[in-house]
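In the numbering used here, the protein residues as written are 11 to 229. For each residue, glycine too, the CB sits at the ideal point set by N, CA and C.
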Amino acid sequence: MPDVYAKVTEAPAQILTGLMAALELRAADPQQRAMVEAYLTDAALPGGAKVLEVGCGTGAITRTLAAWPGVAGAVGVDPSPVFLARARGLARGLATVSFAEGDGRSLPFAAGTFDAVVFHTTLCHVPRPEIAVHEAVRALRPAGRLIVFDGDYATATVATRPGDPLDACVDGFRDHFVHDPWLVRRLPAPRGSCCRAGSTSGRTRSWRPDASAPTRPRR
11 MPDVYAKVTE APAQILTGLM AALELRAADP QQRAMVEAYL TDAALPGGAK
61 VLEVGCGTGA ITRTLAAWPG VAGAVGVDPS PVFLARARGL ARGLATVSFA
111 EGDGRSLPFA AGTFDAVVFH TTLCHVPRPE IAVHEAVRAL RPAGRLIVFD
161 GDYATATVAT RPGDPLDACV DGFRDHFVHD PWLVRRLPAP RGSCCRAGST
211 SGRTRSWRPD ASAPTRPRR
C-alpha cells in the first residue's frame, strides 16, 4: 500500500477517521509541541505576520500558528475536503484562522501573500516536493520565512541490536505513511536551487525523540 497521505483524497472514510484522530493526538504530544515552539521561535516571525500552513490536515498546527505571539492570521490549505471540514469545526470561533482547499503544488493564493509558509510533516508525502517548495517561495513576501519540519525516515529505527525484529514496525510505517523517506537528507540541494535571488538560508535544527517521555500532557 502506498503512502496514504500522498493520495488522501482517495482514502476511504474509515482510514480518514483514524488519520484525523492521529493528527490531533500527535499535535498534543509534549515533545511535538516543544519542537513546534522551537522552530517558531527560531523563525522570529515579524509582528502582524500572515502565515500559511501547507497540508494542514485537521488544522492543529494552523491553530497553533494563529495563536503564536505577533501572528495576525493563519491559513491552512489541504487537498482533503474531509480534513478541512474537521479543521473548520475545531477552529470554530477563532477569528484569525481560515482554511482553503488546494494542492501545495498549485497554491490558490497570489504571489507575495504570506510572511511565512510552513510545511509541518508534509513534504515527505508530496510527489515532486520541489514543485511545492517553488510554490511556497512564490507565495512568500520578500524576506518571508520558509519553514520545513519533517522526519528523517530513511534512518529511523527502534532496534536495540542488529537484526532486531522490532524494526519491521518502522519498515511498515515507512511503506504506508511516507512517500519519500530521504526527503530531509536531500533538502539542502533543492533549498539552494529554488529560492529567489537575494534570499538567505536560515537555521537547520534536529531532534531525537525520547521514547521514555510521556506521549500525552500530564494532568
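- Comparing alpha carbon positions, the residue from Asp-52, Leu-62, Ala-126 and Thr-72 closest to Arg-102 is Thr-72.
- His-144: member of the alpha helix (DSSP H) spanning 139-149, first to last residue.
- The region 119-136 makes no contact with the region 91-99: fewer than 3 CB pairs, one atom from each, lie closer than 8 angstroms.
- Of the residues assessed, Leu-176 falls on the exposed side of the cut-off, its CB having fewer than 16 other CB atoms within 10 angstroms.
- By the neighbour-count criterion, in which a residue is buried when 16 or more other Cβ atoms sit within 10 angstroms of its Cβ, Ser-116 is exposed.
- Contact fails between the region 145-164 and the region 23-35, because fewer than three Cβ pairs, one in each stretch, are under 8 angstroms apart.
- Remark: C-beta atoms of Val-61 and Val-87 do not approach each other more closely than 7 angstroms.
- The residues Val-194, in chain order, have a CB closer than 6 angstroms to that of Asp-162 in the same chain once the five nearest residues on each side in sequence are set aside.
- The closest CA to that of Ile-25, considering only Ala-59, Val-92 and Leu-55, is found on Val-92.
- Contact between Val-136 and Gly-114 holds, with the beta-carbon distance rounding to 6 angstroms and staying under 8 angstroms.
- Per DSSP, Val-128 is one residue of the beta strand (DSSP E) stretching across 124-130.
- The straight-line gap separating the alpha-carbon atoms of Arg-43 and Leu-75 is approximately 12 angstroms.
- Using a Cβ distance threshold of 7 angstroms, Asp-125 and Pro-22 do not count as a contacting pair.
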